[in-house]
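Q: The listed protein sequences derive, respectively, from chains A, B, C, D, E and F.
Residue 4 is where the first sequence starts when you use our numbering, and the numbers rise one by one after that.
Residue 4 is where the second sequence starts when you use our numbering, and the numbers rise one by one after that.
Residue 4 is where the third sequence starts when you use our numbering, and the numbers rise one by one after that.
Residue 4 is where the fourth sequence starts when you use our numbering, and the numbers rise one by one after that.
Residue 4 is where the fifth sequence starts when you use our numbering, and the numbers rise one by one after that.
Residue 4 is where the sixth sequence starts when you use our numbering, and the numbers rise one by one after that.
All residues carry an ideal CB built from backbone N, CA and C; glycine is no exception.
If you're wondering where the values come from, they're calculated on a predicted model, not measured in any experiment.
Please read through the structure below; I'll follow up with questions.
Protein chains: 6
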Amino acid sequence: MATLGLIDYPDASPEVRAVYDDIMATRKTDWINNFWKALAHHPATLRRTWASVKEIMAPGALDAVTKEMIYLAVSATNQCGYCIASHTAAARKAGMSDAMLAELMAVVGMANETNRLASGYQVEIDERFLTKRP
Amino acid sequence: MATLGLIDYPDASPEVRAVYDDIMATRKTDWINNFWKALAHHPATLRRTWASVKEIMAPGALDAVTKEMIYLAVSATNQCGYCIASHTAAARKAGMSDAMLAELMAVVGMANETNRLASGYQVEIDERFLTKRP
Amino acid sequence: MATLGLIDYPDASPEVRAVYDDIMATRKTDWINNFWKALAHHPATLRRTWASVKEIMAPGALDAVTKEMIYLAVSATNQCGYCIASHTAAARKAGMSDAMLAELMAVVGMANETNRLASGYQVEIDERFLTKRP
Amino acid sequence: MATLGLIDYPDASPEVRAVYDDIMATRKTDWINNFWKALAHHPATLRRTWASVKEIMAPGALDAVTKEMIYLAVSATNQCGYCIASHTAAARKAGMSDAMLAELMAVVGMANETNRLASGYQVEIDERFLTKRP
Amino acid sequence: MATLGLIDYPDASPEVRAVYDDIMATRKTDWINNFWKALAHHPATLRRTWASVKEIMAPGALDAVTKEMIYLAVSATNQCGYCIASHTAAARKAGMSDAMLAELMAVVGMANETNRLASGYQVEIDERFLTKRP
Amino acid sequence: MATLGLIDYPDASPEVRAVYDDIMATRKTDWINNFWKALAHHPATLRRTWASVKEIMAPGALDAVTKEMIYLAVSATNQCGYCIASHTAAARKAGMSDAMLAELMAVVGMANETNRLASGYQVEIDERFLTKRP
Numbered sequence: 004m005a006t007l008g009l010i011d012y013p014d015a016s017p018e019v020r021a022v023y024d025d026i027m028a029t030r031k032t033d034w035i036n037n038f039w040k041a042l043a044h045h046p047a048t049l050r051r052t053w054a055s056v057k058e059i060m061a062p063g064a065l066d067a068v069t070k071e072m073i074y075l076a077v078s079a080t081n082q083c084g085y086c087i088a089s090h091t092a093a094a095r096k097a098g099m100s101d102a103m104l105a106e107l108m109a110v111v112g113m114a115n116e117t118n119r120l121a122s123g124y125q126v127e128i129d130e131r132f133l134t135k136r137p
Numbered sequence: 004m005a006t007l008g009l010i011d012y013p014d015a016s017p018e019v020r021a022v023y024d025d026i027m028a029t030r031k032t033d034w035i036n037n038f039w040k041a042l043a044h045h046p047a048t049l050r051r052t053w054a055s056v057k058e059i060m061a062p063g064a065l066d067a068v069t070k071e072m073i074y075l076a077v078s079a080t081n082q083c084g085y086c087i088a089s090h091t092a093a094a095r096k097a098g099m100s101d102a103m104l105a106e107l108m109a110v111v112g113m114a115n116e117t118n119r120l121a122s123g124y125q126v127e128i129d130e131r132f133l134t135k136r137p
Numbered sequence: 004m005a006t007l008g009l010i011d012y013p014d015a016s017p018e019v020r021a022v023y024d025d026i027m028a029t030r031k032t033d034w035i036n037n038f039w040k041a042l043a044h045h046p047a048t049l050r051r052t053w054a055s056v057k058e059i060m061a062p063g064a065l066d067a068v069t070k071e072m073i074y075l076a077v078s079a080t081n082q083c084g085y086c087i088a089s090h091t092a093a094a095r096k097a098g099m100s101d102a103m104l105a106e107l108m109a110v111v112g113m114a115n116e117t118n119r120l121a122s123g124y125q126v127e128i129d130e131r132f133l134t135k136r137p
Numbered sequence: 004m005a006t007l008g009l010i011d012y013p014d015a016s017p018e019v020r021a022v023y024d025d026i027m028a029t030r031k032t033d034w035i036n037n038f039w040k041a042l043a044h045h046p047a048t049l050r051r052t053w054a055s056v057k058e059i060m061a062p063g064a065l066d067a068v069t070k071e072m073i074y075l076a077v078s079a080t081n082q083c084g085y086c087i088a089s090h091t092a093a094a095r096k097a098g099m100s101d102a103m104l105a106e107l108m109a110v111v112g113m114a115n116e117t118n119r120l121a122s123g124y125q126v127e128i129d130e131r132f133l134t135k136r137p
Numbered sequence: 004m005a006t007l008g009l010i011d012y013p014d015a016s017p018e019v020r021a022v023y024d025d026i027m028a029t030r031k032t033d034w035i036n037n038f039w040k041a042l043a044h045h046p047a048t049l050r051r052t053w054a055s056v057k058e059i060m061a062p063g064a065l066d067a068v069t070k071e072m073i074y075l076a077v078s079a080t081n082q083c084g085y086c087i088a089s090h091t092a093a094a095r096k097a098g099m100s101d102a103m104l105a106e107l108m109a110v111v112g113m114a115n116e117t118n119r120l121a122s123g124y125q126v127e128i129d130e131r132f133l134t135k136r137p
Numbered sequence: 004m005a006t007l008g009l010i011d012y013p014d015a016s017p018e019v020r021a022v023y024d025d026i027m028a029t030r031k032t033d034w035i036n037n038f039w040k041a042l043a044h045h046p047a048t049l050r051r052t053w054a055s056v057k058e059i060m061a062p063g064a065l066d067a068v069t070k071e072m073i074y075l076a077v078s079a080t081n082q083c084g085y086c087i088a089s090h091t092a093a094a095r096k097a098g099m100s101d102a103m104l105a106e107l108m109a110v111v112g113m114a115n116e117t118n119r120l121a122s123g124y125q126v127e128i129d130e131r132f133l134t135k136r137p
């Protein structure tokens with residue numbers, strides 16, 4: 004029921020197909036998930052969002068599975084159902100085991116708890132944490 | 004200005020000191036940050052929270068720096084000022100470089116963006132993402 | 004499955020019917036959506052919430068479609084499924100085109116991204132933004 | 004640095020003073036906190052917001068201290084600095100002890116943790132929780 | 004469709020069964036809800052989470068129904084579908100009436116509104132709210 | 004105290020200066036606010052973020068002031084202090100009056116309230132809102 008519907012490959016314009024092709028080539032897969040098919044109604048958003056995701060998620064100082072786990076940690080914190088489902092799959096594909104998933108969720112849960120304790124108790128930031136680095 | 008004030012080591016009860024001692028020993032440091040000094044007004048919360056953090060943050064299927072980066076990713080998503088400051092410091096201590104920090108923040112930012120695009124466009128979860136594993 | 008169930012017009016008390024009548028008259032429609040039917044179990048909440056919505060959403064310094072788009076932007080940020088569905092419909096009725104929807108979502112996504120970059124990097128507010136106006 | 008500045012009693016219009024007077028009378032106090040002074044720039048918002056708060060926070064099926072604690076729980080979850088400070092004060096005035104504050108924060112922290120575990124693990128709602136009541 | 008599936012009692016290890024038994028004994032019930040069955044894939048998380056919930060939710064300075072209502076207030080603020088469903092049921096079992104539920108939701112709604120007004124208007128914290136207690 | 008410090012124009016690399024120049028030219032201003040100076044430590048993030056903001060915020064189906072108000076609505080909902088301050092300034096520059104600001108905040112507040120009422124009462128989406136468009 005995506006707001007504007009989903010655009011499948013056969014129905015896509017050449018501009019949209021070019022993005023779909025790059026997504027499949029980059030991810031070494033033969034299908035496009037609904038997120039991109041929904042964005043395809045606004046090709047500028049599709050193109051820009053994919054270009055950013057592609058650049059950001061490429062291995063660099065952090066490897067692919069770490070990046071996917073951070074993505075999943077954010078999605079679980081925001082409680083985005085679609086994103087949790089898709090990035091759990093992506094993280095698994097990148098190498099996340101069940102044990103890694105469980106430890107990830109434990110950290111996410113704990114961080115969400117202590118974030119509220121720190122704010123709720125109005126804890127001031129320690130001087131040491133404020134020091135600007137040279 | 005923590006709601007109930009901060010309890011320093013010399014003013015702490017033996018029960019609180021025991022937790023402070025374990026924090027310093029575990030973290031190989033000689034000071035206690037304000038978060039714990041604020042919780043110390045309710046020793047049961049101090050004890051339980053530290054025990055959970057200690058267990059969850061110990062290296063396991065995920066190493067220490069990855070866990071600290073996930074903690075920071077959650078804190079940045081929730082925009083908890085105290086937590087961002089303290090866990091940026093903790094992640095650095097565990098080995099996060101400036102480049103790793105920058106890539107972490109890029110992923111956090113992107114995930115927060117696409118979380119809203121997925122929800123805002125009412126994208127339904129792909130059948131493939133729903134398959135229960137055997 | 005609304006917690007307290009939904010109250011349809013024929014089953015409503017005169018107090019609730021009066022609110023339903025005003026909703027339909029104000030919106031120039033002949034039906035009541037589930038949100039109000041759920042609130043109807045607590046007439047004081049129904050009456051107060053509708054009175055506030057009616058006053059706030061009336062055209063003033065901002066026109067109706069702009070107000071509905073802001074409502075939708077908030078709902079997408081909070082990822083409230085019901086609210087996204089109902090306010091997408093309301094914004095369309097008020098004149099939001101597909102192109103406007105797509106640009107709205109692009110802004111919502113970007114704002115959610117830079118909100119976390121600003122907080123995550125602990126950026127201090129510029130002096131110029133703090134100046135109190137005379 | 005409130006965006007539009009703060010309006011003190013001597014500078015307020017009769018319409019705004021009437022609200023200020025009702026706030027002070029209802030709360031049995033002789034001052035107005037900054038929140039209302041900021042809203043005073045838009046008298047319709049000031050009037051409507053105060054009328055809603057006054058009605059909602061009056062003792063009913065829930066007593067005053069319980070309502071203030073719920074307000075504080077929401078504010079801590081949202082990490083609203085102003086609101087945590089003002090509603091901690093309000094809850095204390097209504098009778099919240101240090102022990103009650105500590106238990107409140109413990110529940111808030113835990114709920115924020117398990118909210119993410121439930122969402123992160125994609126737990127489906129139990130049939131028993133879905134049953135509509137007769 | 005819980006990410007790792009659900010573990011029912013007959014399929015559970017002795018370690019997991021021990022936690023299940025304690026949950027049922029503590030809650031005076033004969034079934035386990037899906038949340039715990041999902042966590043059971045990582046026994047350390049199951050054990051620690053249950054131990055924390057059991058300790059935090061036990062009546063103390065706050066009674067059981069107040070604690071459950073605070074839990075529900077947080078879950079409604081975070082819009083966690085599973086948690087709203089399960090804690091509405093838990094709060095009812097602890098004594099929350101329909102009228103209490105309605106007043107709770109009214110406070111939750113109002114607090115979420117004024118949290119944004121306070122932040123959106125950039126209201127500075129009143130001096131009186133900052134005073135550290137002796 | 005930005006995590007990695009702030010990079011002023013004279014200290015910036017040619018790559019960073021090129022972005023700064025484009026920001027100033029696009030915005031018809033002669034200064035750079037702290038947000039960009041913080042991102043400048045990671046030129047790829049600076050470049051990509053600015054390119055996206057520039058593209059998204061350019062007038063299209065929505066005009067500049069509407070886009071800035073939506074940005075502000077998201078920032079107020081997320082309670083991002085830096086973003087509220089900077090986008091209040093940007094929206095004013097684009098033409099937002101005090102009356103428009105006040106109506107914007109009223110909508111933001113109300114939307115945050117009803118989002119929680121809809122979720123908290125577990126309201127199911129109306130059939131009419133689900134209909135896929137042809």
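(1) For T91 (chain E), go through chain C and note every residue whose CB falls closer than 8 angstroms to its CB, in chain order.
(2) Between the C-alpha atoms of I87 (chain A) and A121 (chain D), what's the straight-line distance to the nearest angstrom?
(3) Can a CB atom of chain D be found closer than 8 angstroms to the CB of S55 (chain C)?
(4) From the DSSP output, in three-state form, read off E127 (chain B) for me.
(5) Could you name the residues of chain E that Q125 (chain C) contacts, counting a contact when the two beta carbons are closer than 9 angstroms?
(6) Leaving out five residues on either side along the sequence, give the residues of the same chain with a beta carbon under 7 angstroms from the beta carbon of G98 (chain C).
(7) According to DSSP, is I59 (chain E) helix, strand or coil?
(8) Please check the pair I73 (chain C) and L104 (chain F), which I expect to be a contact at CB under 8 angstroms, by giving their CB distance rounded to whole angstroms.
(9) Enumerate, from N- to C-terminal direction, the unbroken beta strand (DSSP E) stretches of 3 or more residues contained entirely within the stretch 22 to 93 of chain D.
(10) Measuring straight from C-alpha to C-alpha, what distance separates G8 (chain E) and A41 (chain E)?
(11) Going by C-alpha distance, which of F:E71, F:P62, F:R50 is nearest R95 (chain F)?
(12) Taking 8 angstroms as the limit between beta carbons, can you name the residues of its chain near P137 (chain E), skipping five residues before and five after?
(13) Check each residue of the stretch 70 to 91 of chain D: if its Cβ is closer than 7 angstroms to any Cβ of chain E, include it; give the result in chain order.
(14) If you drop the 5 nearest sequence neighbours on each side, which residues of the same chain put their C-beta closer than 7 angstroms to that of I26 (chain E)?
(15) Buried or exposed, going by whether 16 or more other CB atoms sit within 10 Å of the CB of S100 (chain E)?
(16) Find the residues of chain C that neighbour A64 (chain F), judging by a C-beta separation of less than 7 angstroms, and give them in chain order.
(17) By DSSP, does G112 (chain F) sit in helix, in strand, or in coil?
(18) Output yes or no for whether 8 angstroms exceeds the beta carbon distance between V77 (chain F) and A15 (chain C).
(19) Taking Cβ to Cβ, would you say C83 (chain D) is nearer than 8 angstroms to Q82 (chain F)?
(20) Note down the Cα distance separating D129 (chain C) from N37 (chain F), rounded to an integer number of angstroms.
(21) I'd like to know if A114 (chain F) contacts chain G, where contact means its C-beta is closer than 8 angstroms to some C-beta of that chain.
(22) Which value, in whole angstroms, describes the spacing of the CA atoms of S55 (chain A) and T80 (chain F)?
(23) Helix, strand or coil, according to DSSP, for S122 (chain C) in the structure here?
(24) Can the beta-carbon of T177 (chain C) be found closer than 8 angstroms to that of G112 (chain B)?
(25) Is T48 (chain B) close to chain D, meaning its C-beta is less than 8 angstroms from at least one C-beta of that chain?
(26) Could you give the distance in angstroms between the alpha-carbon of A61 (chain B) and the alpha-carbon of V110 (chain A)?
(27) Look up A102 (chain E) in the DSSP assignment and say whether it is helix, strand or coil.
(28) Compute the Euclidean distance between the alpha carbons of T48 (chain D) and Y23 (chain B), then round it to the nearest angstrom.
(29) Going by CA-CA distance only, name the one from F:A93, F:R119, F:R51 that's closest to A21 (chain F).
(30) Could you check whether the Cβ of E130 (chain E) sits closer than 8 angstroms to any Cβ belonging to chain B?
(31) Given that a residue counts as buried once 16 or more other Cβ atoms are within 10 Å of its Cβ, and exposed if not, what is T6 (chain E)?
(32) Using a Cβ-Cβ cutoff of less than 8 angstroms, which residues in the same chain neighbour S89 (chain F) once the five nearest sequence positions on both sides are dropped?
(33) Starting from A109 (chain E), find everything on chain C with Cβ-Cβ shorter than 7 angstroms and list it in chain order.
A: According to the structure data:
(1) Stepping through the fifth sequence from its first residue, residue 91 (chain E) is reached at position 88. At a beta-carbon threshold of 8 angstroms, the residues of chain C lying near T91 (chain E) are T6, ordered along the chain.
(2) Here residue 87 (chain A) corresponds to residue number 84 of the first sequence, with the count starting at 1. Here residue 121 (chain D) corresponds to residue number 118 of the fourth sequence, with the count starting at 1. I87 (chain A) and A121 (chain D) have their C-alpha atoms spaced approximately 11 angstroms apart.
(3) Looking up residue 55 (chain C) in the third sequence gives position 52. Yes, S55 (chain C) lies at the interface with chain D (some Cβ there is under 8 angstroms from its Cβ).
(4) Position 124 of the second sequence, counted from the first residue, corresponds to residue 127 (chain B). If DSSP states are grouped into helix, strand and coil, E127 (chain B) belongs with coil.
(5) On the third sequence, residue 125 (chain C) is found 122 positions in, with the first residue counted as 1. When 9 angstroms is used as the limit between beta carbons, Q125 (chain C) is near no residue of chain E, the shortest such separation being about 18 angstroms.
(6) Position 95 of the third sequence holds residue 98 (chain C). Setting aside the 5 residues that flank it on each side, G98 (chain C) is surrounded in the same chain by V68, each with a C-beta closer than 7 angstroms to its C-beta; the list follows chain order.
(7) Within the fifth sequence, residue 59 (chain E) is the residue found at index 56, counting from 1. Three-state result, I59 (chain E): helix.
(8) Stepping through the third sequence from its first residue, residue 73 (chain C) is reached at position 70. Stepping through the sixth sequence from its first residue, residue 104 (chain F) is reached at position 101. Beta-carbon to beta-carbon, I73 (chain C) and L104 (chain F) are separated by about 12 angstroms, too far to satisfy the 8 angstroms threshold.
(9) Listed in chain order, there is nothing to give.
(10) Position 5 of the fifth sequence holds residue 8 (chain E). Position 38 of the fifth sequence holds residue 41 (chain E). Approximately 6 angstroms, taken between the alpha carbons.
(11) Along the sixth sequence, one-based indexing puts residue 95 (chain F) at 92. Nearest of F:E71, F:P62, F:R50 to R95 (chain F), Cα basis: F:E71.
(12) Position 134 of the fifth sequence, counting from 1, holds the residue named residue 137 (chain E). The pLDDT assigned to P137 (chain E) is 39, lower than 50, so where the model puts this residue is not dependable, and the model offers no usable value.
(13) Within the stretch 70 to 91 of chain D, the residues whose Cβ lies closer than 7 angstroms to some Cβ of chain E are K70, M72, I73, Y74, A76, V77, S78, T80, N81, C83, G84, Y85, C86, A88, S89, listed in chain order.
(14) Counting from 1 along the fifth sequence, the entry for residue 26 (chain E) is found at position 23. Close CB contacts of I26 (chain E) within its chain, under the 7 angstroms cut and outside five residues either way in sequence, are with I35, W39, W53 (chain order).
(15) To locate residue 100 (chain E), count along the fifth sequence from 1; it is residue 97. S100 (chain E) sits exposed, since fewer than 16 C-beta atoms from the chains shown fall within 10 Å of its C-beta.
(16) In the sixth sequence, the residue the question calls residue 64 (chain F) occupies position 61. Listed by position along chain C, the residues whose Cβ is nearer than 7 angstroms to that of A64 (chain F) are S100, A102, M103, E106.
(17) Against the sixth sequence, residue 112 (chain F) aligns to sequence position 109. In this structure, G112 (chain F) counts as helix in the three-state DSSP scheme.
(18) In the sixth sequence, the residue the question calls residue 77 (chain F) occupies position 74. In the third sequence, the residue the question calls residue 15 (chain C) occupies position 12. No. Outside cutoff.
(19) Translated into positions along the fourth sequence, residue 83 (chain D) becomes position 80. Translated into positions along the sixth sequence, residue 82 (chain F) becomes position 79. A distance below 8 angstroms separates the beta carbons of C83 (chain D) and Q82 (chain F).
(20) Here residue 129 (chain C) refers to the residue found at position 126 of the third sequence. Here residue 37 (chain F) refers to the residue found at position 34 of the sixth sequence. Rounded to the nearest whole angstrom, the C-alpha separation of D129 (chain C) and N37 (chain F) is 6 angstroms.
(21) Looking for chain G here will not work: the only protein chains present are A, B, C, D, E and F.
(22) The residue you call residue 55 (chain A) lines up with position 52 of the first sequence. The residue you call residue 80 (chain F) lines up with position 77 of the sixth sequence. C-alpha separation (whole angstroms): 25 angstroms.
(23) Along the third sequence, read from residue 1 onward, the residue named residue 122 (chain C) stands at position 119. In the displayed model, S122 (chain C) falls within a helix according to three-state DSSP.
(24) What the structure shows of chain C is the stretch from 4 to 137, and residue 177 (chain C) is not part of that stretch, so it cannot be assessed.
(25) Working through the second sequence from its first residue, we reach residue 48 (chain B) at position 45. The beta carbon of T48 (chain B) falls within 8 angstroms of a beta carbon belonging to chain D, placing the residue at that interface.
(26) In the second sequence, residue 61 (chain B) corresponds to position 58, counting from 1. In the first sequence, residue 110 (chain A) corresponds to position 107, counting from 1. Using only the alpha carbons, I get a separation of about 10 angstroms.
(27) In the fifth sequence, residue 102 (chain E) corresponds to position 99, counting from 1. The three-state secondary structure of A102 (chain E), taken from DSSP, is helix.
(28) In the fourth sequence, counting from the first residue as 1, residue 48 (chain D) sits at position 45. In the second sequence, counting from the first residue as 1, residue 23 (chain B) sits at position 20. If you take the alpha carbons of T48 (chain D) and Y23 (chain B), they lie about 48 angstroms apart.
(29) Taking the sixth sequence and counting its residues from 1, the one referred to as residue 21 (chain F) is at position 18. Considering only alpha carbons, the answer is F:R51.
(30) One-based indexing of the fifth sequence puts residue 130 (chain E) at position 127. Cβ-Cβ to chain B under 8 angstroms: no for E130 (chain E).
(31) Here residue 6 (chain E) refers to the residue found at position 3 when the fifth sequence is read from its first residue. By the neighbour-count definition (other C-beta atoms within 10 Å, threshold 16), T6 (chain E) is a buried residue.
(32) Counted from its first residue, the sixth sequence places residue 89 (chain F) at position 86. So the list reads N36, F38, once near-sequence residues are dropped.
(33) Numbered from 1 along the fifth sequence, position 106 holds the residue referred to as residue 109 (chain E). The contacting residues are T48.
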